[in-house]
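A.B. asks: Under UniProt numbering, think of the first position of the sequence shown as 1, with each following residue one higher. In this text, a Cβ means the ideal position worked out from N, Cα and C, and glycines have one as well. Here the structure is a predicted model, which means the values were calculated and not measured.
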Amino acid sequence: MLIRILSAASQDSMAEDTVELTAPGVALLAALREVVERQAHYARARAEIEKAFKADMGTAEVAAVDGAPVFTYRTTLRTSLTQKLLKQHFPDIAAMCSETKRVRTFNLLDK
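(1) Using a Cβ-Cβ cutoff of less than 7 Å, which residues in the same chain neighbour Ala30 once the five nearest sequence positions on both sides are dropped?
(2) Quick one: what does DSSP say Val26 is sitting in, helix, strand or coil?
(3) Quick check: what's the CA-CA separation for Phe71 versus Glu34?
(4) Which residues in the same chain have their Cβ closer than 8 Å to the Cβ of Ser10, if we skip the five residues on either side of it in sequence?
(5) Sort out for me which residues DSSP pairs Arg44 with in a bridge.
(6) Please state if the CB of Leu108 and the CB of Val19 are separated by a distance shorter than 9 Å.
(7) Should Leu86 and Ile93 be called a contact, given that it needs their Cβ atoms to be closer than 9 Å?
(8) I need the DSSP call for Arg4, collapsed to helix, strand or coil.
(9) I need the DSSP call for Ala94, collapsed to helix, strand or coil.
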């Protein structure tokens, strides 16, 4: 078991429930922190490598090795809905199309 329940508020309550991690849970938490750290390192490394390729691409859209394409860097058009403008110009429609849902968010806190 990864957790031990300390206090349990009702399921319908928004009160904060607290649980205590057991030894296996603490070990898994350490592993999670390591994975997050590595993931951030690799994300930074990937961004730097891609930045270097993009800087050298010029207007070209395809890069190749021995004539075989290995990656593309293409320009595309994107159409998006700007919520701020929708709310500003059409507040009634924005309200009709808005939806509020209860969600749970996992947030790894600092040590």
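C.D. replies: Reading off the structure:
(1) none
(2) Val26: helix per DSSP, three-state reduction.
(3) 30 Å
(4) Its pLDDT being 48, under 50, Ser10 is placed unreliably in this model, and the coordinates cannot settle the point.
(5) Looking at the DSSP assignment, Arg44 forms no beta bridge with any residue, so it has no partner.
(6) no
(7) yes
(8) strand
(9) Here DSSP, grouped into helix, strand and coil, assigns Ala94 to helix.
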